[in-house]
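> Start counting the sequence shown at 1; every next residue gets the next number (the numbering used here).
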Amino acid sequence: MSADTPAASVIVAALVAMVLCRVLGTMVAHVCGRLADDAVRRHKESNPVPDVRAAYRAAHASTEGGGA
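And the structure:
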């Protein structure tokens, strides 16, 4: 902006830029959040959590029955 630009025009331009940046930033954050959630969901689907308790019971089932 040049020196002959009224202060009101500068303030209006700054407010418009601020609002646009806020809206665009919110939209980008929403999209990034969705992408991250999808990546986490795909990772969890391809790498299920093993049932540790079942593996523990199976490993110790043979030692429980017969001991001296």
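We put the beta carbon where it would ideally sit given N, CA and C, even for glycine.
Everything numeric in this text was worked out from a predicted model, so none of it was measured.
#1: Could you give the distance in angstroms between the alpha-carbon of G25 and the alpha-carbon of A14?
#2: Give the straight-line distance between the Cα atoms of R42 and H30, rounded to the nearest whole angstrom.
#3: Please report how far the alpha carbon of V23 lies from the alpha carbon of A55, in whole angstroms.
#4: DSSP three-state label for V23, please.
Looking at the atomic coordinates:
#1: One-based indexing of the sequence shown puts residue 25 at position 25. One-based indexing of the sequence shown puts residue 14 at position 14. Near 16 Å, if we compare the C-alpha coordinates of A14 and G25.
#2: As a first step, residue 42 is located in the sequence shown; it is residue number 42 there, counting from the start. As a first step, residue 30 is located in the sequence shown; it is residue number 30 there, counting from the start. Between R42 and H30, the alpha-carbon positions lie close to 18 Å from each other.
#3: As a position in the sequence shown, residue 23 is number 23, starting the count at 1. As a position in the sequence shown, residue 55 is number 55, starting the count at 1. Rounded to the nearest angstrom, the two C-alpha atoms are 51 Å apart.
#4: Taking the sequence shown and counting its residues from 1, one reaches residue 23 at position 23. It is helical.
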